[in-house]
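Here the sequence shown stands for residues 129 to 545, where the numbers follow the working numbering. A quick write-up on the structure given underneath.
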Amino acid sequence: MKKIKMLKCISCGKEHSEDEVKYVCNSCGGNLEVIYDYNLIKKRFSYDELKENRYYDIWRYLDLLPVEDIKGIPPLKVGYTPLYKNKKLADKLDVSDLYIKDDTRNPSASFKDRASAVVIKRVIETLDEDKRIIATASTGNAASSLSCLSASVGIKNIIFVPEKAPREKVTQLLIFGANVIMVKGTYDDAFDLCVKACEKFGWYNRNTAYNPYTREGKKTAAFEICEQLEWEVPDKIFVPVGDGNIISGIWKGFLEFKKIGFIDKLPKLVAVQSGNSNSVYKAFTEKLQTPPVVSGETMCDSISVKSPRDGLSAVISLNESGGFAVNISDDEVILSMKEFASSTGIFAEPSAVAVYAGLKKAISQKLVGRGDSVLLLITGSGLKDIESAKKSISKAYRIEPDINELEKILVSINLKG
């Protein structure tokens, strides 16, 4: 029996067979959600199986992924990233418990590796070798993720990025051998060009949310959180939101583990958006039917989006989970970068640090209280955007190789014994 039951349109509800569509709904063009035969999965996927499973990566959840087996998967370890408890920050912020899920530890230093691994495996299973060319549009992380994992299995890729993408991310793409197209415009412009190019040249499209299987990879973080916290999920989970595909994937993961009986409680999700890239925030707080088009301007390039491609699903996730949305400023992100890194030992990019800034704002607005357990989802490494990190730090001390000069510095920073 096939484990995939259907692909259902999130917008109009139309049901499609797996073979009937490739990307979006053939009636309204809406995003699709992969629906599994959960009764079948419950019979063959259990706690005991997980305990015996030696694959500590996303493939340990094979029964809930849209692939047949693990033959030909990218050899790089994706997923089962560290989850830390940070008492120091919990005490400082006056919350019950504070957890940090560190997805900077994935192969390309990004959460997006989860989606790319699944998409690549789908390509290997469904396309002949001579047709395996994958394209994507990205502000950087999805692109570097795809190019990194594609390199590990020898698949060609075409990457569309906005011309303002951070240099570090573009360098990462090029070093992995990607064919990089820098588009004179925004991420949204790059996204639309990628769709047209895939249609014209027959490439496989990995675009976030447009490809329904990206959500399937991202939901694995929710599975790991359940396992790593011994099936006691946090009260609130803070997620950086641009297109909305990560938060919708996280919510899907928790729902699926509840459907098959692995957890009883569901967390409340919190969408964090920065600057004027706040479409999901506006849609949620103003109760709009459709997330509006916004300017998308923010220093947080990974969540800089004019029109979120999975915005509807993101808002649905917030409503269903009983969560909320927070809109922070770029200045709040800058002020939080060094504070977060120096309190956790995790160097996160601005889009990831946004969740920490968002938590502080939520606490100030009484949306998070003393009794709450909180998890921050850290989605990308600060090494991907050094220029932004420089805005949050002071300069290093420069002295002659003289012990007396050193002593003056030590006195000024209260480090002399």
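Just so it is clear, CB atoms sit at the ideal spot from N, CA and C, and this is done for glycine as well.
Buried versus exposed, by CB contacts within 10 Å (16 or more), residue i
i    : result
K199 : exposed
Y184 : exposed
V539 : exposed
S464 : buried
Y338 : buried
R437 : buried
D197 : exposed
T426 : buried
Y175 : exposed
Y409 : buried
R526 : exposed
N181 : exposed
Q300 : buried
G510 : buried
L487 : buried
L397 : buried
S155 : exposed
G372 : buried
Q493 : exposed
I303 : exposed
A524 : exposed
L416 : exposed
D256 : exposed
I283 : buried
D500 : buried
S470 : exposed
Inter-residue spacing [alpha-carbon to alpha-carbon] between residue i and residue j
i    : j    : result
E448 : G508 : 27 Å
W331 : L190 : 26 Å
L534 : A485 : 35 Å
I514 : E146 : 42 Å
S430 : T413 : 22 Å
K393 : V361 : 7 Å
L277 : N542 : 47 Å
S376 : K136 : 14 Å
T264 : I537 : 50 Å
D105 : S273 : Summary: the structure shown does not reach residue 105, with the chain confined to residues 129 through 545, and so no result is reported for it.
E161 : I286 : 25 Å
V298 : L168 : 43 Å
K220 : K519 : 24 Å
M310 : S516 : 20 Å
T267 : Y315 : 6 Å
I531 : K216 : 34 Å
T209 : V422 : 33 Å
G497 : T418 : 31 Å
C153 : P194 : 18 Å
A270 : E528 : 44 Å
S139 : I248 : 26 Å
D258 : R334 : 18 Å
E291 : S224 : 43 Å
K229 : S405 : 24 Å
A279 : T472 : 32 Å
L383 : I262 : 30 Å
D317 : F366 : 28 Å
I462 : F329 : 41 Å
P478 : C428 : 5 Å
Y368 : V323 : Correcting the residue identity first, residue 368 is Pro in this sequence and not Tyr. Their backbone Cα atoms lie some 25 Å apart in a straight line.
Residues sharing a beta bridge with residue i, DSSP
i    : result
K396 : K364
P81  : The first residue shown for the chain is 129 and the last is 545, placing residue 81 beyond what the model contains.
S402 : S405 and I456
E143 : K136
I506 : D230
S238 : G508
K205 : Paired residues: none, contrary to the question.
Boundaries of the beta strand (DSSP E) in which residue i is found, first to last residue
i    : result
E161 : L160 to Y164
I186 : Taken as a continuous stretch (DSSP letters only), I186 belongs to no beta strand (DSSP E), as it is neither H nor E.
Y212 : L211 to K213
Distance between beta carbons of residue j and residue i, contact taken as under 8 Å
i    : j    : result
I186 : G207 : 4 Å
A243 : K131 : Not really, about 19 Å apart at Cβ, beyond 8 Å.
T232 : I506 : 6 Å
A218 : L226 : 4 Å
Continuous alpha helix (DSSP H) stretch holding residue i: start and end
i    : result
T254 : D241 to T254
S224 : Premise fails: S224 is in no alpha helix (DSSP H) and is neither H nor E.
A263 : It is not in any alpha helix (DSSP H) - A263 instead sits in the beta strand (DSSP E) that spans I261 to A265.
S479 : P478 to S492
K536 : I531 to S540
A442 : G439 to S449
Y341 : Y341 to K346
S423 : Careful: S423 lies outside any alpha helix (DSSP H) and carries neither H nor E.
F382 : N373 to K387
I514 : I514 to K518
L101 : The question about residue 101 has no answer, for the chain in this structure spans 129 to 545.
S430 : Run containing S430: none; DSSP gives neither H nor E here.
V281 : N269 to V281
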